[in-house]
Each structure stands twice: as C-alpha cells, then as structure tokens.
Amino acid sequence: MSGSLSRVELPTTPPFVLRGRMLTPLGEGGTRHEADALVEVDAAGSITYAGPAAERPDLADGAIDLRPWVLMPGMVDLHAHLPQLPNAGLGAGMDLLAWLERYIFPLELAFDAPVAKRVAPAAWRAFAAAGTTTALVYGAVYEASLDVMFRAAEKHGIRAIVGKVMMDRNTYDVTIDPSTILDRSLAESARLIERWHGFDDGRLQYAVTPRFAISCTAELLRESAALAASTGAYWQTHVSEDVGEIAEVARLFPETIDYVDVYDRAGGLGERTVLAHAVHLSDRELDRLVESRTRVAHCPISNLFLASGVMPLGRYLDAGLSLGLGSDVAGGPDLSIFSVMRVGFYGQNARRVAGLETGRVLSPLEWLRLGSLGGASALGLDDVTGSLEAGKEADVIAIDPSYLAPIQGTPADDDPEDLASRLIFRAHPDMVRAAWVRGRRLEGPGSRS
Ligand SMILES: [Zn+2]
215 MSGSLSRVEL
225 PTTPPFVLRG
235 RMLTPLGEGG
245 TRHEADALVE
255 VDAAGSITYA
265 GPAAERPDLA
275 DGAIDLRPWV
285 LMPGMVDLHA
295 HLPQLPNAGL
305 GAGMDLLAWL
315 ERYIFPLELA
325 FDAPVAKRVA
335 PAAWRAFAAA
345 GTTTALVYGA
355 VYEASLDVMF
365 RAAEKHGIRA
375 IVGKVMMDRN
385 TYDVTIDPST
395 ILDRSLAESA
405 RLIERWHGFD
415 DGRLQYAVTP
425 RFAISCTAEL
435 LRESAALAAS
445 TGAYWQTHVS
455 EDVGEIAEVA
465 RLFPETIDYV
475 DVYDRAGGLG
485 ERTVLAHAVH
495 LSDRELDRLV
505 ESRTRVAHCP
515 ISNLFLASGV
525 MPLGRYLDAG
535 LSLGLGSDVA
545 GGPDLSIFSV
555 MRVGFYGQNA
565 RRVAGLETGR
575 VLSPLEWLRL
585 GSLGGASALG
595 LDDVTGSLEA
605 GKEADVIAID
615 PSYLAPIQGT
625 PADDDPEDLA
635 SRLIFRAHPD
645 MVRAAWVRGR
655 RLEGPGSRS
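Under our numbering, the first residue of the sequence shown carries the number 215, and numbering increases by one thereafter.
In structure tokens:
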C-alpha cells in the first residue's frame, strides 16, 4: 500500500534530514503546513530546521525523500496503564468498579517482573506503532516490574513517564501486611525515583502514582504528594470518572467538600500533577483545578467504553484548564491518540445533539494540537516535544496518507484542516510508518505490514 517508499532506507540515528509534507502545531499558536518541507536533525537529536524545502536548497541534496508521507510531531498519551494492555477491548459498558474487579485487578496482580519482561517491550512498540512518542503511564504495584518497564523503555527509545501504582486499601496485593503497606509503597516509589527519574537526560521520568482515592488513605495521598514535591517527580491519579466512584469517594472522605478537595487537602494539586478523566467536575472543582494549574488527561474513548460520561470539554477549555489526551488503555481499547481524537470529537457532537452545554467547539486542527503540543504543555515539556520547530528534540512521526484516502488514487487533501480531518476520521492502524524520539528511530511502526 505504501508503494515504492517502502524501499526507502529510514534513518535510525541522527544526524539526518527528512523531506516530506509537514503538519505541525506551533508554540506561538496556529499551525504550520508545508506541502514540501525539510526537517533537519542534528547529531544530538535536536531539530535545527523545520520549514519549506525551497528556503534551504543546501539541505535538500542529502535529504531522505519521504514525499508524499506527512511529517508530524509524535503524539503525547497522557494516560495509559501498560499492564492492562493485554485485556484491551474487554468489558465494554461495564460499571467502572465492577470492570476493575473482573478484568483489571487480576491482570495487575499477575504483573510481576517475568510477566513485565514479556509484555513491556511489545507494549512500548505498540505505543510507537500508534504514533505516540511520549507516554505518561501507570505500572502495577511491584517495584521489580517497574524496573523492567523502565529498562524496556530505555532500550526502545520512547519518551516515558512511569509510576508504580500505590494502594494502601482495597488493594489486590493482599500478600503485604496492611500495617506496613504505606511505608513500603513509599520506600519503593522513592527508590524507583532515585533510579529512573531524569534518566537519559530526562527522556525517562517518574510519576508518583496513587491509584485513586478509593484505594488510598488520606495519609498515603498526603505522603505521596510530599514525595513528588520533594523529588520533582510528577504526581498522577484519577478523578471524577464515574458516578458510582464519586459516591464511594464521598463516603470514604466525609470531611471533604468534593472529589477534587480530597486531593487538594493532600497537597496533590499543581502543575506537576496530571488527573485522569475529570468527567463530572462541579464549577468549584473546575475553578480549583484551573487556579492550582493542575493538568487533566481527557480520555473520551475510555469514558464511553465504560459508560462513565462525556466531558464538557469546550467549557473546561474556556475556563482555562490545561488538558491533553489519554488512551487510558485498557479502559480505552485503542492506544491511538488519533482514535482518541475521533471518539472525543463524536462525543462533543453527541453533547450538541443532546442539547447539552458544549462551550467552544474544536476543529480537527485543534484536536491534533491537543493530542501533541497540548499534552506536551500539560507535562511542562512544550519546550522539548509536541511540535516540529527548531530547538526542540526530534520527536517525529511519518504518516503514509494513502491509508487515509477513501479510494486509492484520489488526490491528497491540500488544505491542512481537511488533512487533519482525514487523519482523525480515517485513521488507520498501519498509517504511521516511522517514529523517532530525539532522532532515534523507534521499533513498532510498520511492523504489521
Ligand atoms: Zn486510568
């Protein structure tokens, strides 16, 4: 399907220059679309030029010509559970808490180091195959399996922020004495931070990861937030996903105003914090997240798969919330951030059809921005990744647009908004033909075809 280009030798390490069509959001706002562009990557893996080929004839000679492929920034997945990937696609429509008991906790319970050795390398390849070059990921509870996940990411080359799940009540890990579980979980997290946070010049980082308020005492939430603050690690958890979950949190934390307040009292809010879902926020909760500069991972596929709800995305963005997109595998069955955009878009349309409040309506290019630069900004990495601009690291994907055409041989879309629309609504599992992080090629893309 990719024609003669499949014989092009793709560079595996920098320096190199790629030639192709280019579509990227820009840090200053807006989008750059070039029908014929060059992306120059230096020996350190940084972008030194990303712009029209006509302006740099000196570079064009040695360039690897990928036309008509489209060069884009790698996507950013702000929320996924790597150990759950083997059960992706199971349990559609189940209630969140019942789904966790049936499909998720048994899988995570089994996710020790030997299982991680089998699953993690394939999982990182699957992220890259989907076009994701940066991922914020949950592990399971075992320290040794986290080391395996990090080592696999180190070898693969993906940009990853990973954390050991912390649970000191309602946990699946019943082998640990409840009186020691909090101290042990904190000590394990601290050791993992020591070993992995900032590894390889910051390509790998750590996120302190209390699962959610139902699995954590107020003390664990407080101590874990303090650990993140004192080490510069991220802090990630779930909030306001499902009405049953919200009711249970209110029962467990009767002294709090609402779900967001549980994390606020623990010192967990702030710009190094990413909360997944936030589907059912009250005005007070939304204001508090905006005011504290807390980040949200919007996971629309998961929210519909588990019938949790449809986030009023436009209203949140109008309020100034910093937000990116998450696959939430295995709450979402699909790792592709392009699929997340598609389902998110449909969800917002469904709100309009149902006469529900929507706020701002996003265009396809705005969805692409959320899935790349929006996610990078949420992580504070917008000076590193999320767009193709000189000075950033070369986190690039190459897409074969022939996968997007309804009929082979039809002309490619000239208009960037039309191209974005096709990328979202006709996304194909094999369309990502190559991915690089810091100019180093990732295994995964192109492996199925
Ligand atoms: Zn999740």
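Positions of the beta carbon are idealized from the N, C-alpha and C atoms, including for glycine.
CA nearest to the CA of residue i, picked from the options
i	options	result
Tyr317	Ala302, Pro328 and Ala330	Ala302
Gly307	Asp387, Thr470, Gly345 and Ser522	Ser522
Ile638	Ile390, Trp313 and Met555	Met555
Ser553	Pro643, Arg583 and Glu580	Pro643
Pro228	Gly481, Gly241, Ala258 and Ala249	Ala258
Val422	Ala401, Asp414, Ala336 and Phe413	Ala401
Asn384	Ala590, Ile375 and Leu396	Leu396
Glu254	Glu455, Ala267, Asp597 and Glu368	Ala267
Asp361	His370, Ala349, Ile372 and Lys378	Lys378
Glu455	Cys513, Asp501, Pro424 and Ala440	Cys513
Arg332	Ala251, Met236 and Met363	Met363
Asn517	Ser506, Arg509 and His494	His494
Arg583	Val231, Arg233 and Pro239	Pro239
Gly660	Ala344, Pro297, Met236 and Pro282	Ala344
Arg509	Val524, Ala533 and Arg565	Ala533
Ala492	Phe519, Ala480, Phe467 and Tyr530	Tyr530
Glu357	Ala648, Ala327, Ala367 and Val457	Ala327
Ala634	Ser616, Glu580, Tyr617 and Leu593	Glu580
Gly561	Ala608, Leu549 and Pro526	Pro526
Glu242	Tyr617, Ala619 and Gly600	Gly600
Val284	Val290, Ser260 and His247	His247
His411	Ala648, Tyr448 and Glu485	Tyr448
Ala249	Glu459, Gly588 and Ala264	Ala264
Leu252	Gly244, Ala439 and Leu280	Leu280
Ser260	Ala604, Asp414 and Thr470	Ala604
Ala340	Ala367, Gly653 and Val355	Ala367
Arg365	Ala330, Ser438 and Thr245	Ala330
Ser506	Leu535, Ser496 and Asp497	Leu535
Ala442	Ala592, Leu539, Asp478 and Arg486	Arg486
Pro271	Leu237, Val231, Gly244 and Ser586	Val231
Tyr617	Arg640, Asp628 and Leu595	Arg640
Asp382	Lys606, Ser438 and Ser359	Ser438
Thr445	Glu408, Asp472 and Ser393	Glu408
Val646	Ile551, Leu576, Arg398 and Thr262	Ile551
Met236	Ala619, Gly623, Ile621 and Val610	Val610
Check: residue i C-beta below 8 Å from any heavy atom of ligand 1
i	result
Ala490	yes
His512	no
Asp542	yes
His293	yes
Tyr420	no
His452	yes
Tyr617	no
Ser516	yes
Gly371	no
Tyr560	no
Tyr317	no
Gly545	yes
Tyr352	yes
Integer-rounded CB distance, given that residue j should sit under 8 Å from residue i
i	j	result
Val651	Gly288	7 Å
Glu168	Ala342	Nothing about residue 168 can be reported from this structure: the residues present for the chain run from 215 to 663 only.
Glu499	Val474	4 Å
Ala490	His370	That pair is no contact at about 23 Å.
Leu350	Ile375	5 Å
Val543	Leu299	5 Å
Val463	Val476	6 Å
Pro282	Pro615	6 Å
Pro320	Met380	Wrong, their Cβ atoms sit about 19 Å apart, outside the cutoff.
Thr648	Ala612	In the sequence on display, residue 648 carries Ala and not Thr. That belief holds up - the Cβ atoms of Ala648 and Ala612 are roughly 4 Å apart, short of 8 Å.
Leu520	Trp313	6 Å
Val290	Gly653	About 18 Å; that fails the 8 Å criterion.
Leu224	Arg655	6 Å
Subject >> Completely contained alpha helix (DSSP H) runs for the region 588–662, where each covers 4 or more residues >> reply: Segments of the alpha helix (DSSP H) lying fully in the region 588–662: 589–592 and 630–639.
**OP:** Report the residue ranges of all alpha helix (DSSP H) runs contained in full by the region 329–387; include only those spanning at least 4 residues, in chain order.
**Re:** Listed in chain order, they are 357–370.
Original post:
For the region 396–449, which segments carrying the alpha helix (DSSP H) assignment without a break, of at least 4 residues, lie completely within its bounds, in sequence order?
Top reply: If we require 4 residues or more, the alpha helix (DSSP H) runs fully inside the region 396–449 come out as 413–416 and 432–445.
Original post:
What are the start and end residues of each continuous beta strand (DSSP E) run of 3 or more residues lying completely inside the region 232–308, in chain order?
Top reply: Counting only runs of 3 or more, we get 245–255, 261–266, 278–287 and 289–295.
Subject >> Sequence ranges, beta strand (DSSP E) only - wholly within the region 489–540, length at least 3 >> reply: Whole beta strand (DSSP E) segments, 3+ residues: 509–512 and 536–539.
Original post:
What residue ranges within the region 543–589 form continuous alpha helix (DSSP H) runs of no fewer than 4 residues, ordered along the chain?
Top reply: Counting only runs of 4 or more, we get 551–567 and 578–583.
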